[in-house]
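Everything on this sheet refers to the single structure shown next.
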């Protein structure tokens with residue numbers, strides 16, 4: 001859903017979610033990773049929650065999202 005929304009609307013929800021998960025939920029750190037203000041991260045996370053059934057408070061679901069994002073865009077072997 002988020003990937004489609006990004007493609008159709010020019011949003012950056014997938015990269016934001018990936019950065020937020022990598023930063024362990026720290027909007028300031030996620031913002032640094034993406035080069036945006038931490039309030040932008042907060043806004044995007046809030047919008048994602050409104051658009052989907054995304055539950056970022058559930059640790060198990062955060063792990064599942066991390067795995068799903070890695071499966072969708074696996075790291076290159078050359079990195």
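In UniProt numbering, the protein residues as written are 1 to 79.
Beta carbons: idealized from backbone N, C-alpha and C, even for Gly.
State yes or no: is the C-beta of residue i within less than 9 Å of the C-beta of residue j?
i	j	result
residue 69	residue 17	yes
residue 27	residue 4	no
residue 21	residue 46	no
Can you check which of these residues, the options, is closest to residue i by C-alpha distance?
i	options	result
residue 48	66, 13, 9	13
residue 19	71, 66, 9	66
residue 11	27, 33, 62, 44	44
residue 2	59, 60, 54, 62	54
If you follow the alpha helix (DSSP H) that residue i is part of, which residue opens it and which one closes it?
i	result
residue 35	Residue 35 -> no alpha helix (DSSP H), and no H or E assigned at all.
residue 54	Run containing residue 54: none; DSSP gives neither H nor E here.
residue 6	2-9
residue 71	59-72
residue 22	13-22
Buried or exposed for residue i, going by 16 or more other Cβ atoms inside 10 Å?
i	result
residue 30	buried
residue 64	exposed
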